[in-house]
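Letter 63 of the sequence shown, counting from 1, is numbered 63 in my numbering, and no numbers are missing.
Using N, Cα and C, we set each Cβ at its ideal position, and we do this for glycine too.
Nothing here was measured: the structure is a model prediction, and the numbers come from that model.
What follows is a single structure, written as structure tokens, with notes after it.
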Amino acid sequence: MKKKILAVANQKGGVGKTTTVINLGASLSAAEIRVLIVDMDPQGNATSGLGFKRDEINPGIFETITQEALIHDSIIKTKLKYLDLCPSTKSLASAEIEFLHWEDREKKLRLSLSSLENKYQYILIDCPPSLGYLTLNSLVAATSVLIPLQCEYYALEGLSDLLDTFEEVRKYLNPMLELEGILLTMHDERTNLSNQIEKEVRELFRQKVFSTVIPRNVKLGEAPSFGLPIILYDIKSKGAISYMNLAKEILKNE
Ligand code: ATP
Ligand code: MG
């Protein structure tokens, strides 16, 4: 199996990036694939959603980027045997400004992750809702990008900026970067709007859209408050089944 680094990105807020990182990561790890989640968001939602208190953690990904710590020392184990986390700490909040002082400021994360060599088969990066240096570093470090799109009226707003950034990164910084796919999230099959958005996105992006659709599911919203991925919170829920299907689809596409 080829090592993959997936950046889960969309500068639009609240579209399901973190939910996807946690639950895709957990689903892959349930298949005994070694997975690392890297929390590049100063909000630290992937860190807290896996049951850790951001304020009590040090070092994290920022200390690794600044080379104050080795990446191996900032990685923590989760409740799932094959799933590890490189957490977000408080210091990440000032990262966007710190980056400005550094040379090779787009390549910091790539450099940090390179020392992991083949320890993980999948690395999933949770990006913040912006197109700043944290997201740029994630795109430069990644082998592919997964874009969650929420099935609501403004779903496509901002997508062209993200795709422009993707093309720029491919052109100047990371020519091997691929589009893993577009993932429809928070889909409500009872509403015309969700179905209409799905149809529109599939017509526009065709085979780039995952067949798996993530439904709006209350359990998916509840699980992070217990610090659990959905497969440990309610494995029979529609949310758990959909993320396991996404993991299968990604593995099949390899
Ligand atoms: P941000 O841009 O702030 O980082 P995000 O893109 O990471 O947000 P999430 O945090 O994953 O988005 O999701 C936003 C909110 O919606 C969260 O409260 C989450 O629990 C909830 N949510 C995400 N996906 C679903 C779903 N399929 N069904 C129900 N609730 C969901
Ligand atoms: Mg998030």
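Cβ-heavy atom distance, residue i to ligand 2, below 7 Å
{"i": "D161", "result": "no"}
{"i": "Q121", "result": "no"}
{"i": "N45", "result": "yes"}
Cross-strand partners of residue i (DSSP beta bridge)
{"i": "L184", "result": "L149"}
{"i": "P215", "result": "H187"}
{"i": "S144", "result": "L6, E178"}
{"i": "V255", "result": "Nothing about residue 255 can be reported from this structure: the residues present for the chain run from 1 to 254 only."}
{"i": "I125", "result": "A7, V38"}
{"i": "L85", "result": "I37, I76"}
Backbone CA spacing between residue i and residue j [nearest angstrom]
{"i": "E106", "j": "V213", "result": "32 Å"}
{"i": "I61", "j": "V145", "result": "19 Å"}
{"i": "L70", "j": "S211", "result": "39 Å"}
{"i": "V218", "j": "D104", "result": "42 Å"}
{"i": "E249", "j": "L136", "result": "26 Å"}
{"i": "Y122", "j": "N195", "result": "31 Å"}
{"i": "I230", "j": "A9", "result": "21 Å"}
{"i": "L36", "j": "G227", "result": "17 Å"}
{"i": "S114", "j": "A142", "result": "11 Å"}
{"i": "D55", "j": "Q150", "result": "30 Å"}
Local conformation of residue i per DSSP, three classes
{"i": "D164", "result": "helix"}
{"i": "K77", "result": "strand"}
{"i": "V209", "result": "strand"}
{"i": "S237", "result": "coil"}
{"i": "E68", "result": "coil"}
{"i": "G221", "result": "helix"}
{"i": "A46", "result": "helix"}
{"i": "K107", "result": "coil"}
Residue i beta carbon near ligand 1 (any heavy atom closer than 7 Å)
{"i": "L220", "result": "yes"}
{"i": "K17", "result": "yes"}
{"i": "M186", "result": "yes"}
{"i": "D39", "result": "no"}
{"i": "N195", "result": "no"}
Notebook entry, point to check: Between the segment 6–19 and the segment 188–196, do three or more beta carbon pairs fall short of 8 Å?
Noted result: no
Notebook entry, point to check: Between the segment 125–132 and the segment 41–55, are three or more C-beta pairs nearer than 8 Å?
Noted result: yes
Checklist line | Cβ contact (3+ pairs, closer than 8 Å) linking the segment 17–37 and the segment 90–108 | finding: no
Next item on the list: Answer yes if the segment 26–39 comes into contact with the segment 79–97, meaning at least three C-beta pairs across the two stretches below 8 Å, and no otherwise.
Entry: yes
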